[in-house]
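Written below as structure tokens is the structure these notes are about.
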Amino acid sequence: WAVNSAFMALYAFAAALIVWVLLGFRMAFGERLLPFWGKAGPALGQSYLVQRAHLAASPHHYRNGTLESPMVEPFYPMATLVFFEFTFAAITLILLAGSVLGRMNIKAWMAFVPLW
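Residue numbers (our numbering): 32 to 147.
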């Protein structure tokens, strides 16, 4: 039982990293596809990861249509932001693993994690 729970947490962390870097980050912080959904894409290129991070601000528009709050550009690379946001995705899955430890086997967990 202890080995199963350890592997569930380890797999959740590893699979979340792969899915987050290949699809999730750009889907959450990239170009908009729908009002609630972004375009998925890998966040792996060196030119992408080394550039300054872009934090999307909540858009506030004046009545004439101009943007009130511009995008914020902090002084750290995009790779730092990708990893920082990944930790939240991984911790969410690991907390979920703690709630289903005795009820779910590792094979079902391996199918569930990438879909989450």
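Note that CB positions come from ideal geometry on N, CA and C, so glycine has one too.
Nearest candidate by alpha-carbon position, reference residue i, set the options
i	options	result
Phe143	Met39, Ala33, Trp32 and Phe106	Met39
Ser78	Phe115, Ile49, Ala110 and Leu126	Ala110
Leu75	Val52, Leu65, Pro66 and Met58	Val52
Phe115	Pro66, Lys138, Leu86 and Asn136	Leu86
Assigned exposure category for residue i - 16 Cβ within 10 Å defines buried
i	result
Arg94	exposed
Phe117	buried
Val34	exposed
Rounded straight-line distance, which links the Cα of residue j to that of residue i
i	j	result
Thr37	Pro145	Looking at the sequence itself, residue 37 is Ala, so the reference to Thr does not match. Each residue's Cα considered, the two are about 18 Å apart.
Lys70	Phe56	10 Å
Ala43	Met141	8 Å
Cβ pair residue i, residue j closer than 8 Å
i	j	result
Ala84	Leu112	yes
Val81	Pro105	no
Ala121	Ala59	no
Residue i, DSSP secondary structure in three states
i	result
Gly69	strand
Pro105	coil
Arg57	helix
Leu86	strand
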